[in-house]
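Quick note, the sequences are listed as chains R and X, same order.
Residue numbers for the first sequence follow full-length UniProt numbering, so the first one is 1 and each next one is one higher.
Residue numbers for the second sequence follow full-length UniProt numbering, so the first one is 1 and each next one is one higher.
Here is the structure we will look at, set down as structure tokens.
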Amino acid sequence: MTRSTRQRERETAAKQEEEEDSEEGVRECPECGSDNLVKSSDRAELVCNDCGLVVEEEQIDPGPEWRAFNHQERQEKSRVGAPTTQTMHDKGLTTTIDWKDKDAYGRSISSKKRSQMHRLRKWQERIRTKDAGERNLQFALSEIDRMASALGVPRSVREVASVIYRRALKEDLIRGRSIEGVATSALYAACRKEGIPRSLEEISEVSRVERKEIGRTYRYISQELGLEMKPVDPKKYVPRFCSELELTEEVQSKANEIIETTAEEGLLSGKSPTGYAAAAIYAASLLCNEKKTQREVADVAQVTEVTIRNRYQEQIEAMGIHG
Amino acid sequence: MLQEDKRELSESYFSKERLAEHHFRSYNAFLEHGMQDVVTEKERIETDIGDKEDEEPVWVELGDVRAVTPRVREADGSEELLYPQEARLRNITYSAPVFMEMSIVRGGEEEEERVLDTTETKVGRMPIMVGSDKCNISGFSDEELIEIGEDPADPGGYFIINGSERVLMTSEDLAPNKILAEYDSKYGDEIQVAKTFSQRRGYRALVLVERNREGLLEVSFPSVSGSISFVTLVRALGLESDEEIVHRVSEDPEIVKFMLENLEEADVQTQEEAIEDLGQRVASGQGKNYQLKRANYVIDRYLLPHLHEDGVEEEETRINKAYYLCRMAEACFELALGRREADDKDHYANKRLKVSGDLMKDLFRTALNKLARDVKYQLERANMRNRELTVNTVVRSDVLTERLEHPIATGNWVGGRSGVSQLVDRTDFMGVLSHLRRLRSPLSRSQPHFEARDLHATQWGRICPSETPEGPNCGLVKNFAQAMELSQDVDDERDLKQELSSMGVEGIPGISMETTSTTSADD
């Protein structure tokens, strides 16, 4: 079992590195020009699979030490620190001065040294963010983290949101907009991009800016950054709404079925995906004898009952059911 | 007793419920009122808003806290009930969302107090012990357990963090809030010391009363470097006259003689002088006013904190502290005169066990403080940017979750203890049972500590005399005896005191203030 996890880890690590390499665009065999390079972690080499040339040797293996059975051991035996992350303004590579006034042996230090450390600590804290742009980033990233934490958004999406914000900052899109607004739209965009959409209403509930501003800023940055966002698939909303309404799997699959068949007939175009999903769930709940009122569904999906009624009518007509 | 009855009795001690019962009782008590106690203690989160001119202060009032049953939050945002087996297989944490009532209040200076927002909000996730009251499988029948992939014979009593099962090791500590008299040596002389680990709400302070080689009493306690004269301290606490001090320590003529020596050496005669003297010790080189303020603060904050109680006035607490110090002095003198033996630290009456609930309470307290700091920071920042202050936008639930999960996952507890949580030993079924009923002494295993490792007569019926590892941990890691009964501390001390008072005990602080005025306040 250990063997397999290790392999998995190595594989993912190798994959990541390959991705990084491809970004740099230098990874092809200097001898035969093939891009079929293989990383052999057993020998710490990068080998060309076609001609056999060793492109790189003595690579550093960032993985943990041999034999680590659980999380704790893996951490202890790891030869490197935490991976860099985009969610921190310095990518998590800061030096921090510990607040404990102890030397390397754990002994207390003299009062003179202590006040010196105090000063160093203060200045370290001050110069960590070197300019306004950096401060801006620090503030925005902590906002993203705060909102993501309130929404229960996973780590990977926070990473994406941070990258979007960083790009916006680099292209000078923040000017004239509030930091919070751009941060919120970056998070909204990241959620959509990663296929776990949150509606603007949900996002604005935890954000410190208004819905209107988020929408406006989002449109602007997605256009400027060329995010090419496709309309959200209403099916993405189904599991969440269903679990909030405490509906069974059966209703979920029925709702998905309704969405699929009706969307094929072009009913979805131009309609709000949340409303569409809500109507399908409402219809499915009726069909499966687990009726929820329009009010209940509307509350969860944060749409109006009118929207649900309209979409519902269209959907059952298209399905050929008469409710 | 009949043979059959005996058999039934002994069998019931081996029933499933009994094996990890101490864990369940302790953890359930924590969920039921321990968590609420911590929140009530905290009461409110103050902010620095309002320090500036024309700005009204803002703070957060904390209300009821509750945990639901374990749930998992999927990436798409849906939330579903989680069963232990799923948590193990998916490498996720078996934890339940915790909700707390919070209200942001502004005003109080010029404007009227105004509640800006009040909501019950999710503040984080609490790891739930498998088999506890809040566990999703509690009350399930064997068939139902098998249905969801659970082992009906599994005793529970552990947590599941990131898919790994972790037990919190019961730890054996010296009893707090108890006077322990013992011999010590200082500069080659034998001296007598009375010790008390005074503990209240997670704050622990060691108070020492020493009788040095001149026969003078000295007291040391946190935040005062070195030691101060016993007489000075009791005078600062309001026990002024010579007669009263002597009377409070002991009536024994020989001890009175010792006390008189001490009084002769005293530098101060009145309470004011004593507090001034103390002020010079705790804040030397500062202004006079600050010295006094600091001295009073130190007395009320760091000296014998366990004597504080809600609803008891500071004045009364101080005099109780003086009486308590007199008891400690008496213990010192009695030891010096050979009237009593040194207290046995290995005696089980002088030990208290910290079970999972107590450990979780410590953890929750620091986690809540961390959350409070974060809320304060978020509030100040939102206020600075003139945003509307709402509860939902200032609480980062990750803060609390992280602080609760990380120590259980790594075993690095608050207060620098490590190895508190351990991976459940699944070598075989017996291994699990033994592991859940194991307890650990905090003494270092690299030092001999021969007495602590020895089997003590008072362990009879409580600790298994033979189950202990070989090697460096021998005698420091122990296991419960099968028929061990673990009693819990009193939840409501007031009830206990009322009861004692009705039985004729006089001078209990906060209970019988009106009935006793001149009579002795000794216990």
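Built from N, CA and C at the ideal position, the CB exists for glycine as well.
Being a predicted model, the structure only gives us computed values, none of them experimental.
For X:Arg25 and R:Ala190, the rounded distance between their alpha carbons: Residue 190 of chain R sits at position 190 when you count from the first residue of the first sequence. Residue 25 of chain X sits at position 25 when you count from the first residue of the second sequence. Rounded to whole angstroms, R:Ala190 to X:Arg25 spans 45 angstroms at the Cα level.
C-beta neighbour in chain X for R:Met316, strict 8 angstroms: If you number the first sequence from 1, residue 316 of chain R lands on position 316. In the sequence as displayed, the identity of residue 316 of chain R is Ile instead of Met. No, no contact with chain X.
Interface flag, X:Arg440 vs chain R, CB-CB below 8 angstroms: Translated into the one-based positions of the second sequence, residue 440 of chain X becomes position 440. No, X:Arg440 does not count as interfacial toward chain R.
Residue-level contact to chain X via CB, R:Gly25, 8 angstroms cutoff: As a position in the first sequence, residue 25 of chain R is number 25, starting the count at 1. With a pLDDT of 45 at R:Gly25, under the threshold of 50, the modelled position of that residue is not reliable, and the figure given next carries that caveat. Judged by the 8 angstroms Cβ criterion, R:Gly25 is not in contact with chain X.
Proximity test, Cβ basis, 8 angstroms: X:Asp267 and chain A: In summary, chain A is missing from the structure at hand, where the protein chains are R and X.
One or two residues paired with X:Gly124 in a DSSP bridge: Taking the first residue of the second sequence as 1, we reach residue 124 of chain X at position 124. DSSP lists X:Val98 as partners of X:Gly124.
Near-chain X residues of the stretch 203-231 of chain R - C-beta to any C-beta below 9 angstroms: Glu205, Val206, Ser207, Arg208 and Val209
Nearest-angstrom beta carbon gap, X:Val207 and X:Phe230 [assumed within contact, 8 angstroms]: Along the second sequence, read from residue 1 onward, the residue named residue 230 of chain X stands at position 230. Along the second sequence, read from residue 1 onward, the residue named residue 207 of chain X stands at position 207. Actually they do not touch by this definition, with Cβ atoms about 11 angstroms apart.
For X:Ile191, the three-state DSSP class (helix, strand or coil): Along the second sequence, one-based indexing puts residue 191 of chain X at 191. Strand, per DSSP.
Which listed residue (X:Leu439, X:Arg396, X:His308 and X:Ser15) has its alpha carbon closest to that of X:Arg462: Residue mapping note: residue 462 of chain X aligns to position 462 of the second sequence, counting from 1. Looking at the Cα atoms, X:Leu439 is the closest of the given residues.
Cβ-Cβ distance between X:Pro127 and X:Leu371 below 8 angstroms: For this step, residue 127 of chain X is matched to residue 127 along the second sequence. For this step, residue 371 of chain X is matched to residue 371 along the second sequence. No. Outside cutoff.
Per-residue DSSP class, three states only, for X:Phe159: For the purposes of this step, residue 159 of chain X is taken as the residue at position 159 of the second sequence. DSSP places X:Phe159 in strand when its eight states are reduced to three.
Length of the line joining the Cα atoms of X:Gly163 and R:Gln86: Within the second sequence, the letter at position 163 stands for residue 163 of chain X. Within the first sequence, the letter at position 86 stands for residue 86 of chain R. Looking at the two C-alpha atoms, the distance is approximately 27 angstroms.
Coil, strand or helix - R:Cys48 by DSSP: Counted from its first residue, the first sequence places residue 48 of chain R at position 48. Strand, per DSSP.
Residue-chain proximity (R:Ser149, chain X), Cβ-Cβ < 8 angstroms: As a working mapping, residue 149 of chain R is identified with position 149 in the first sequence. So, interface residue.
Segments of 4+ residues assigned as alpha helix (DSSP H) that fall wholly inside the stretch 411-474 of chain X: 429-436 and 450-453
Backbone secondary structure at X:Asn383 - three-state DSSP: As a first step, residue 383 of chain X is located in the second sequence; it is residue number 383 there, counting from the start. DSSP places X:Asn383 in helix when its eight states are reduced to three.
Status (buried if at least 16 other CB within 10 Å, exposed otherwise) for R:Tyr218: Counted from its first residue, the first sequence places residue 218 of chain R at position 218. The residue is buried, with at least 16 neighbouring Cβ atoms inside 10 Å.
Whole-number beta carbon distance between X:Leu368 and X:Lys42, since they are thought to touch under 8 angstroms: Taking the first residue of the second sequence as position 1, residue 42 of chain X is located at position 42. Taking the first residue of the second sequence as position 1, residue 368 of chain X is located at position 368. So it is a contact: roughly 6 angstroms between Cβ atoms.
Proximal residues of chain R, C-beta to C-beta of X:Glu86 below 8 angstroms: If you number the second sequence from 1, residue 86 of chain X lands on position 86. Correct list: empty, because the minimum Cβ distance to chain R is about 15 angstroms.
CB contact below 8 angstroms: R:Arg6 versus chain X: Here the question's residue 6 of chain R lines up with position 6 in the first sequence. For R:Arg6, the predicted structure reports a pLDDT of 48, less than 50, and the residue's modelled location is therefore unreliable. The matter cannot be settled from this model.
Residue 544 of chain X to X:Arg200 span [Cα, whole Å]: Outside the modelled stretch of chain X, which goes from 1 to 523, sits residue 544 of chain X, for which no answer is possible.
Other residues of its chain near X:Asp374: CB distance less than 6 angstroms, five sequence neighbours each side excluded: By 1-based counting over the second sequence, the position of residue 374 of chain X is 374. Hits under 6 angstroms: Arg396 and Val399.
Start-to-end residues for the beta strand (DSSP E) that takes in X:Ala67: Here residue 67 of chain X refers to the residue found at position 67 of the second sequence. Residues Val58 to Ala67.
Test: R:Arg158 CB closer than 8 angstroms to a CB of chain X: For the purposes of this step, residue 158 of chain R is identified with residue 158 of the first sequence, where counting begins at 1. Not an interface residue.
Nonlocal neighbours in the same chain, by C-beta distance under 7 angstroms from X:Ala96, ignoring five residues either side: For this step, residue 96 of chain X is matched to residue 96 along the second sequence. Only Ala67, Val68, Thr69, Pro70, Arg71, Arg125, Met126, Ile128 and Lys134 meet the Cβ criterion.
Anticipated Cβ contact below 8 angstroms, X:Ala181 with X:Ala331, distance rounded: Within the second sequence, numbered from 1, the residue matching residue 181 of chain X stands at position 181. Within the second sequence, numbered from 1, the residue matching residue 331 of chain X stands at position 331. About 4 angstroms; that satisfies the 8 angstroms criterion.
Residue interval of the alpha helix (DSSP H) (run including X:Asp495): What you label residue 495 of chain X is simply residue 495 of the second sequence in a count that begins at 1. Element bounds for X:Asp495: Glu493 to Ser502.
Reference R:Gln116; option with closest CA among R:Ala278, R:Thr129 and R:Lys102: Position 116 of the first sequence, counted from the first residue, corresponds to residue 116 of chain R. If we check each option's Cα against that of R:Gln116, R:Lys102 comes out closest.
Contacting positions in the stretch 386-403 of chain X - beta carbon closer than 9 angstroms to chain R: Arg387, Glu388, Thr390, Asn392, Thr393, Val394, Val395, Arg396, Ser397, Asp398, Val399 and Thr401
Integer Cβ distance of R:Gln315 from R:Ala279, believed to fall under 8 angstroms: Residue 315 of chain R sits at position 315 when you count from the first residue of the first sequence. Residue 279 of chain R sits at position 279 when you count from the first residue of the first sequence. So it is a contact: roughly 6 angstroms between Cβ atoms.
C-alpha gap between R:Met147 and X:Phe30, whole angstroms: Counted from its first residue, the first sequence places residue 147 of chain R at position 147. Counted from its first residue, the second sequence places residue 30 of chain X at position 30. So the alpha carbons of these two residues sit roughly 30 angstroms apart.
Nearest-angstrom Cβ-Cβ length linking R:Glu305 and R:Gln294, presumed shorter than 8 angstroms: Counting from one through the first sequence, the residue named residue 305 of chain R turns up at place 305. Counting from one through the first sequence, the residue named residue 294 of chain R turns up at place 294. Right, their Cβ atoms sit about 5 angstroms apart.
Residue burial classification, R:Thr94 (beta-carbon count within 10 angstroms, cutoff 16): Residue 94 of chain R sits at position 94 when you count from the first residue of the first sequence. The residue in question, R:Thr94, is exposed, as its Cβ has fewer than 16 Cβ neighbours within 10 Å.
Pair within 8 angstroms by beta-carbon distance, R:Cys51 and R:Leu37: For the purposes of this step, residue 51 of chain R is identified with residue 51 of the first sequence, where counting begins at 1. For the purposes of this step, residue 37 of chain R is identified with residue 37 of the first sequence, where counting begins at 1. Their beta carbons are not under 8 angstroms apart, which means R:Cys51 does not touch R:Leu37 by this criterion.
Length-filtered (4 minimum) alpha helix (DSSP H) runs lying within the stretch 87-137 of chain R: 111-127
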